[in-house]
Amino acid sequence: MKTLFRGASRAAIILATAMPVAALAGTISGTVSDGTGTRALQSTQLRIVENGRIAEAGRDGSYRFPDVAPGTYTIEARYTGADPVRTTVVVPATGDVDADIRIGSNVDASIIVVGQVANQASTLSRQRAADGVESVLTRDAIGQFPDQNVAESIRRLPGVNILNDQGEGRFVSVRGLDPELNAASINGTRVPAPESDVRSVALDVIPSELIESIEIKKSLTPDMDGDTIGASIEIQTTSAFDRKKDLYSVKLEGSYNDYADALTPKGSVDFSTRITDRFGIAGGFSYYKRKFESDNIEAADWNQTDDGIAYAEELQYRDYDVQRKRLGGSLSLDWLATDTTKLYARGLYSQFEDQEYRGDVIFIMDEEPASGTATSAQFSDEDGRIEVRRRMKDRFEKQRIKSLTLGGETNTGPWKLTYSGSWSEASERENGSIDPTRFRARFDGDGVDVGFDYSNPMKPTYTVTGNTDAFYDPSEYGFNELERTTLSDSKDREYTIKGDISRAFATDGGTFTVQTGMKARWRKKSYNLQSDVYDGYDGDYTLADVLGGQTYRIQDILPQASHTGPTNFFYDNQANFELNEFDTLLNSTTSDYSVTEDILASYLMGRWDSDTLRVIAGVRMEQTRNDIRAFQTLATGDEVEDITITPTRFVRNYTNWLPSLTVRYEPVTNLVFRFGGYKSLVRPKLSNLAPRFDINEDGEATLGNPNLKPYSAWNIDASAEWYFGTNAALTGGFFWKSIKDFVVEQTIEEAGTIYGVDYNQLTTYINGDTAKIKGFELSYSQVFSFLPAPFDGLLLNANYTYTDAKGTVLTDGDIADPRKVPLAASSKNTFNIVLGYEKGPISLRAAGTYRDKYLDELGGKAEDDRYVDDHFQLDLSAKYRVAPGVRVFAEWINATNEPYFAYQNYAGAKRLLQYEEYNWTAKFGVTASF
Numbered sequence: 001m002k003t004l005f006r007g008a009s010r011a012a013i014i015l016a017t018a019m020p021v022a023a024l025a026g027t028i029s030g031t032v033s034d035g036t037g038t039r040a041l042q043s044t045q046l047r048i049v050e051n052g053r054i055a056e057a058g059r060d061g062s063y064r065f066p067d068v069a070p071g072t073y074t075i076e077a078r079y080t081g082a083d084p085v086r087t088t089v090v091v092p093a094t095g096d097v098d099a100d101i102r103i104g105s106n107v108d109a110s111i112i113v114v115g116q117v118a119n120q121a122s123t124l125s126r127q128r129a130a131d132g133v134e135s136v137l138t139r140d141a142i143g144q145f146p147d148q149n150v151a152e153s154i155r156r157l158p159g160v161n162i163l164n165d166q167g168e169g170r171f172v173s174v175r176g177l178d179p180e181l182n183a184a185s186i187n188g189t190r191v192p193a194p195e196s197d198v199r200s201v202a203l204d205v206i207p208s209e210l211i212e213s214i215e216i217k218k219s220l221t222p223d224m225d226g227d228t229i230g231a232s233i234e235i236q237t238t239s240a241f242d243r244k245k246d247l248y249s250v251k252l253e254g255s256y257n258d259y260a261d262a263l264t265p266k267g268s269v270d271f272s273t274r275i276t277d278r279f280g281i282a283g284g285f286s287y288y289k290r291k292f293e294s295d296n297i298e299a300a301d302w303n304q305t306d307d308g309i310a311y312a313e314e315l316q317y318r319d320y321d322v323q324r325k326r327l328g329g330s331l332s333l334d335w336l337a338t339d340t341t342k343l344y345a346r347g348l349y350s351q352f353e354d355q356e357y358r359g360d361v362i363f364i365m366d367e368e369p370a371s372g373t374a375t376s377a378q379f380s381d382e383d384g385r386i387e388v389r390r391r392m393k394d395r396f397e398k399q400r401i402k403s404l405t406l407g408g409e410t411n412t413g414p415w416k417l418t419y420s421g422s423w424s425e426a427s428e429r430e431n432g433s434i435d436p437t438r439f440r441a442r443f444d445g446d447g448v449d450v451g452f453d454y455s456n457p458m459k460p461t462y463t464v465t466g467n468t469d470a471f472y473d474p475s476e477y478g479f480n481e482l483e484r485t486t487l488s489d490s491k492d493r494e495y496t497i498k499g500d501i502s503r504a505f506a507t508d509g510g511t512f513t514v515q516t517g518m519k520a521r522w523r524k525k526s527y528n529l530q531s532d533v534y535d536g537y538d539g540d541y542t543l544a545d546v547l548g549g550q551t552y553r554i555q556d557i558l559p560q561a562s563h564t565g566p567t568n569f570f571y572d573n574q575a576n577f578e579l580n581e582f583d584t585l586l587n588s589t590t591s592d593y594s595v596t597e598d599i600l601a602s603y604l605m606g607r608w609d610s611d612t613l614r615v616i617a618g619v620r621m622e623q624t625r626n627d628i629r630a631f632q633t634l635a636t637g638d639e640v641e642d643i644t645i646t647p648t649r650f651v652r653n654y655t656n657w658l659p660s661l662t663v664r665y666e667p668v669t670n671l672v673f674r675f676g677g678y679k680s681l682v683r684p685k686l687s688n689l690a691p692r693f694d695i696n697e698d699g700e701a702t703l704g705n706p707n708l709k710p711y712s713a714w715n716i717d718a719s720a721e722w723y724f725g726t727n728a729a730l731t732g733g734f735f736w737k738s739i740k741d742f743v744v745e746q747t748i749e750e751a752g753t754i755y756g757v758d759y760n761q762l763t764t765y766i767n768g769d770t771a772k773i774k775g776f777e778l779s780y781s782q783v784f785s786f787l788p789a790p791f792d793g794l795l796l797n798a799n800y801t802y803t804d805a806k807g808t809v810l811t812d813g814d815i816a817d818p819r820k821v822p823l824a825a826s827s828k829n830t831f832n833i834v835l836g837y838e839k840g841p842i843s844l845r846a847a848g849t850y851r852d853k854y855l856d857e858l859g860g861k862a863e864d865d866r867y868v869d870d871h872f873q874l875d876l877s878a879k880y881r882v883a884p885g886v887r888v889f890a891e892w893i894n895a896t897n898e899p900y901f902a903y904q905n906y907a908g909a910k911r912l913l914q915y916e917e918y919n920w921t922a923k924f925g926v927t928a929s930f
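Counting from 1, one number per residue, gives the positions in the sequence shown under this note's numbering.
Written as structure tokens, this is what we have:
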């Protein structure tokens, strides 16, 4: 660390004395806005024509040229979607000069600040001005964002796709890679994950109304955190200085899901105002309630008879009824404290509530089928027991994300200082969920026959023959087990302080900048579970006592419990339920853990900027310390006194040196070449490090590994970008990554015993060898304003990404039997296409997204690997301006009713592991901006 800072100081001294520096005379500064004076135009490129020096407008439109010798200069400003603007300034022998620039006339400039065309102009301007390879999504000047939440919006960007949960986009995949390989931040603050077992953040928690812009940075420079291999996702909330005029907006919306047949509300308010020329406030509030249903089928333990009949030993038919609420708010304060210092405070709060009712019927086969075909299997309880379980899950969980960032920037002559401190916290909590209540009947010699039809591999159905009266009689299903989540408390908290200092040296051909900085992060993630297991009842309790209906559409799965009947029965008769103290203690202690992750980072880099060439080179050092605590539980019998609980603790330290080189070359105007070479890392999931042993009611166990190493990767990015026409770009890029010690989840299907506890399936985490990732991206964006009316309102965004990501793992852990596998959540082909039309009061959009299949979980051998099938989704939207600032809109989400399908390749075919369908959702409403 000391060596790095000493090097920075020496470099600054040498450069200050040895380089030919321009006479220190003055600074040219100002702001760039549209012709109407409505919005600051971030990423406008500014160039001093006489000496080739360049600058880029910040998010408030401000720019600076320090150390400018006296004389007369021409400043050229370029922003996508508008003609270049030139202005003349005179720099005096002493003192500074202000030069504010407006792009576009006060009549036609609105096209670059309002609507889909404005979103594209802002996106291309920021992409073009960027140091490395990145994609950007922004709001327009009146607060419109293309989609409903952050995850759905990001779906449209090149090389980006979204992994869904219950039909909603949640986790971000970049270049087809696992979301765990990304890092997300809000206002420069890393966002912790609410869930206990992930690093990646479910970005659907954050409403789009609170967001100003999203940057997907796919290549890194030394001043950035080095903990990403996929991309750094940087989210910015609104700032009063983003706009030159005040903004007040209101949005009211109704949402209708076809399955749920329910209309639910959404509303938001948004504002941005400058109290004085030097102080402004911006913020917003959003509320969204969504009710929907989904139908699910899951299968497990595929097997094959000697006669070649493939069958699942277990099949589950699940009926979901879900209600979700999102509540969010943001507030930003911006203060121009002096002419050289800007200070800010930005806070965000987001809350996500999920009420899930899940009724299901489960078939567990004890013997092989009596008969069958290539697409069917017939079971009889004369040959072996057929167990049927009927469950009801009543779960309520609440997630919260909070972040607060305080910071500032000081510019004094050629020196620039940036500084910030932040706090962020995420949590997920359940207390009192019944997850689930289980009723059971075992048919053995009762004349019950069950046949399964696999002719539709996604949706196998069942038929019951023989003694159907017994099968459909709810009183035959007696109480078997109830699991109450008395407390499930996941917390993830991080504190950060950061400081950077740079010194610019102006020369006749450009500017050289030396920059160094330091960042410290203190993170703690913990999980506390108290799960009470009841497996007896003093009295008579059957499914008939809590009978309900179904909303399931695939087939009849009655009889089912009502949504709240089992919960109410439990609390009304709790004294009669018998607590299984052994399972309660085992489940609760094996899940708890606490992991701290302290990171101290510093870097040194140099930057050369001219009108044609930008080079950034340097090195970053990150020291990591983990303190990992959990419990090891050993069971030597079936009684509570047979359980021995031993606290465990592991402490480890490691250091990573991360060099990087970034080159941006623009040989002619509008043609940009980029190259990036850098090293990065991704630390393992904190939950996977915890030395704990967890097992669920189905005997599926998970074992942590405190010896996991972080991923470490060498990365190369190269791209060419052509910006043509008024608002158009064609880009192509290549990427290559070599990842060492990638982490895989390995599942062992064979039953066994560990720490004295029997399990049916064991999942653990291991480091693989080396994975190679290569691929390319193509992107095309254009506004067709040159076409004759009415086609001059058309616009198109299309992008395609190919990713080849493979690694080596060991079959069943056998070092003599390695095999090649795709990396988890890595899709080979992804593409997005958006066709829009915007003219006058009308705005239309059709957006299609495609993601290829990907490996979801790694099995002990290839036939046990779990894959998620390819996915294509079509969304449609329309807006109409009924009055100045007032628009009505309608959206149709998942118009093609695209399902979710997971499978394994077994016995020559795709065998169902999970199928889920949701149907479409329609949204409509009104927005008003003032």
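Each residue gets a CB set at the ideal place from its N, CA and C atoms; glycine is no exception. None of the values given here were measured: they were computed from a predicted structure.
(request) Quick one: give me the first and last residue of the alpha helix (DSSP H) that Arg128 is part of. (result) Here residue 128 refers to the residue found at position 128 when the sequence shown is read from its first residue. Per DSSP, Arg128 belongs to the alpha helix (DSSP H) from Gly115 to Ala129.
(message) Three Cβ pairs or more, each shorter than 8 Å: is that satisfied between the stretch 621-638 and the stretch 587-600?
(response) Cβ pair count under 8 Å is three or more, so yes.
(message) At the level of alpha carbons, what is the spacing between Tyr472 and Asp642?
(response) Within the sequence shown, residue 472 is the residue found at index 472, counting from 1. Within the sequence shown, residue 642 is the residue found at index 642, counting from 1. Spanning the alpha carbons of Tyr472 and Asp642 requires a straight line of approximately 41 Å.
(request) Could you check what DSSP says for Glu777 in three-state terms: helix, strand or coil? (result) By one-based count along the sequence shown, residue 777 stands at place 777. It is a strand residue.
(request) Throw me the rounded Cβ distance for the Val205 and Ile401 pair, which I believe falls under 8 Å. (result) Numbered from its first residue, the sequence shown carries residue 205 at position 205. Numbered from its first residue, the sequence shown carries residue 401 at position 401. About 6 Å separates the two Cβ atoms, so the contact holds.
(request) Could you tell me whether any non-hydrogen atom of the ligand MN is closer than 7 Å to the CB of Ile716? (result) In the structure on display, the ligand MN does not appear, and there are no ligands present to speak of.
(message) Closest to Ser929 by C-alpha separation, out of Ala99, Gln116 and Lys251, would be which residue?
(response) Looking up residue 929 in the sequence shown gives position 929. Residue Lys251 is the option with its Cα nearest to Ser929.
(message) Assuming contact is defined by CB atoms lying nearer than 8 Å, are Asn296 and Thr237 in contact in what I supplied?
(response) Residue 296 sits at position 296 when you count from the first residue of the sequence shown. Residue 237 sits at position 237 when you count from the first residue of the sequence shown. No, the Cβ-Cβ distance between Asn296 and Thr237 is not below 8 Å.
(request) Evaluate the contact criterion for the stretch 765-780 versus the stretch 722-740: three or more CB pairs, one atom per stretch, below 8 Å. (result) Yes: the two stretches touch, three or more of their Cβ pairs being nearer than 8 Å.
(request) Indicate the three-state DSSP secondary structure (helix, strand or coil) for Tyr918 in the structure shown. (result) For the purposes of this step, residue 918 is taken as the residue at position 918 of the sequence shown. DSSP places Tyr918 in coil when its eight states are reduced to three.
(message) The alpha helix (DSSP H) that contains Asn568, what's its start and end?
(response) Here residue 568 corresponds to residue number 568 of the sequence shown, with the count starting at 1. Going by DSSP, Asn568 is part of the alpha helix (DSSP H) stretching over Gly565 to Asp572.
(request) Reducing DSSP to helix, strand and coil, say where Tyr472 ends up. (result) Walking along the sequence shown from the start, residue 472 turns up at place 472. Here Tyr472 sits in helix by DSSP.
(request) Measure from the alpha carbon of Gly230 to the alpha carbon of each residue in Leu558, Ile716, His871 and Arg851, then state which is nearest. (result) To locate residue 230, count along the sequence shown from 1; it is residue 230. Ranking the options by Cα distance to Gly230, first place goes to Ile716.
(request) Please name the residue in Gly699, Gly167 and Glu581 whose C-alpha comes closest to that of Asn919. (result) The residue given as residue 919 occupies position 919 in the sequence shown. Relative to Asn919, the option among Gly699, Gly167 and Glu581 whose CA is nearest is Gly167.
(request) Alpha carbon to alpha carbon, how far is Tyr665 from Ala99? Give it in angstroms, no decimals. (result) As a position in the sequence shown, residue 99 is number 99, starting the count at 1. As a position in the sequence shown, residue 665 is number 665, starting the count at 1. Answer to the nearest angstrom: the Cα atoms are 27 Å apart.
(request) Using 10 angstroms around the beta-carbon of Gln873, count the other beta-carbons present and answer buried if the total reaches 16, otherwise exposed. (result) The residue given as residue 873 occupies position 873 in the sequence shown. Label assigned to Gln873: buried.
(message) If I measure Cβ to Cβ from Asp952 and keep anything under 6 Å in the same chain, skipping five residues before and after, which residues do I get?
(response) Missing from the structure shown is residue 952; the chain here goes from 1 to 930 and no further.
(request) Drop a sphere of 10 angstroms on the beta-carbon of Ala816, count the other beta-carbons inside from all chains shown, and report buried for 16 or more, exposed for fewer. (result) Locating residue 816 in the sequence shown gives position 816, where the first residue counts as 1. It is exposed - the Cβ of Ala816 has fewer than 16 other Cβ atoms within 10 Å.
(message) On the criterion of 16 or more Cβ atoms from any shown chain inside 10 Å, does Glu152 qualify as buried, or is it exposed?
(response) Taking the first residue of the sequence shown as position 1, residue 152 is located at position 152. Burial call: buried.
(request) Check whether the Cβ atoms of Leu482 and Phe570 lie closer than 8 Å to each other. (result) Counted from its first residue, the sequence shown places residue 482 at position 482. Counted from its first residue, the sequence shown places residue 570 at position 570. Their beta carbons are under 8 Å apart, which means Leu482 touches Phe570 by this criterion.
(message) Restricting to Cα atoms, I'd like to know which of Gly71, Gly52, Gln45 and Gly115 is closest to Asp83.
(response) Within the sequence shown, residue 83 is the residue found at index 83, counting from 1. Asp83 has its Cα closest to that of Gln45, out of Gly71, Gly52, Gln45 and Gly115.
(message) Considering Cα atoms alone, identify which of Leu487, Arg390 and Thr461 is closest to Asn431.
(response) Translated into the one-based positions of the sequence shown, residue 431 becomes position 431. The shortest C-alpha separation from Asn431 is found at Leu487.
(message) Does the contact criterion of 3 or more C-beta pairs under 8 Å hold for the stretch 303-314 versus the stretch 361-380?
(response) Verdict: yes, contact present.
(request) Using three-state DSSP, classify Gly451 as helix, strand or coil. (result) As a working mapping, residue 451 is identified with position 451 in the sequence shown. The DSSP-derived three-state label of Gly451 is strand.
(message) Let's see if you can read the secondary structure: which residues bound the beta strand (DSSP E) around Ser591?
(response) Within the sequence shown, the letter at position 591 stands for residue 591. Counting along the chain, Ser591 falls outside any beta strand (DSSP E), though it belongs to the alpha helix (DSSP H) covering Glu581 to Ser591.
(message) On a Cα-Cα basis, can you pick out the residue from Ala544, Asn182 and Gly836 that is closest to Asp225?
(response) Sequence index remark: in the sequence shown, residue 225 carries index 225 (1-based). Comparing C-alpha distances from Asp225 to each of Ala544, Asn182 and Gly836 shows the shortest one belongs to Asn182.
(request) Look up Ser208 in the DSSP assignment and say whether it is helix, strand or coil. (result) Numbered from its first residue, the sequence shown carries residue 208 at position 208. In this structure, Ser208 counts as helix in the three-state DSSP scheme.
(request) With DSSP collapsed to three states, give me the class of Asp34. (result) By 1-based counting over the sequence shown, the position of residue 34 is 34. Correct three-state label for Asp34: strand.
(message) Please tell me whether Ala121 and Asn727 are closer than 8 Å, where the distance is taken between their beta carbons.
(response) Against the sequence shown, residue 121 aligns to sequence position 121. Against the sequence shown, residue 727 aligns to sequence position 727. Their beta carbons are under 8 Å apart, which means Ala121 touches Asn727 by this criterion.
(request) Indicate the three-state DSSP secondary structure (helix, strand or coil) for Ala55 in the structure shown. (result) The residue you call residue 55 lines up with position 55 of the sequence shown. DSSP, read as helix, strand or coil, puts Ala55 in strand.
(request) With a threshold of 16 other CB atoms inside 10 Å of the CB of Gln560, please say whether the residue is buried or exposed. (result) In the sequence shown, the residue the question calls residue 560 occupies position 560. Of the other Cβ atoms in all chains shown, 16 or more fall within 10 Å of the Cβ of Gln560; this residue is therefore buried.
(message) Assuming the contact rule is C-beta atoms closer than 8 Å, Asp366 and Gly384 should be a hit. Round their C-beta distance to whole Å, please.
(response) To locate residue 366, count along the sequence shown from 1; it is residue 366. To locate residue 384, count along the sequence shown from 1; it is residue 384. So it is a contact: roughly 4 Å between Cβ atoms.
(message) In whole angstroms, give me the CA-to-CA distance for Val49 and Thr228.
(response) Within the sequence shown, residue 49 is the residue found at index 49, counting from 1. Within the sequence shown, residue 228 is the residue found at index 228, counting from 1. The straight-line gap separating the alpha-carbon atoms of Val49 and Thr228 is approximately 38 Å.
(request) For Lys820, count neighbouring Cβ atoms within 10 angstroms of its own Cβ and tell me buried if that reaches 16, exposed if not. (result) As a working note, residue 820 is residue 820 in the sequence shown. So Lys820 ends up on the exposed side.
(request) Look at Asp741 and Tyr765 and say whether their C-beta atoms are less than 8 Å apart. (result) Reading the sequence shown from its first residue, position 741 is the one you call residue 741. Reading the sequence shown from its first residue, position 765 is the one you call residue 765. Their beta carbons are not under 8 Å apart, which means Asp741 does not touch Tyr765 by this criterion.
(message) Once DSSP output is grouped into helix, strand and coil, what is the label at Phe241?
(response) As a first step, residue 241 is located in the sequence shown; it is residue number 241 there, counting from the start. Phe241 falls in the helix class under three-state DSSP.
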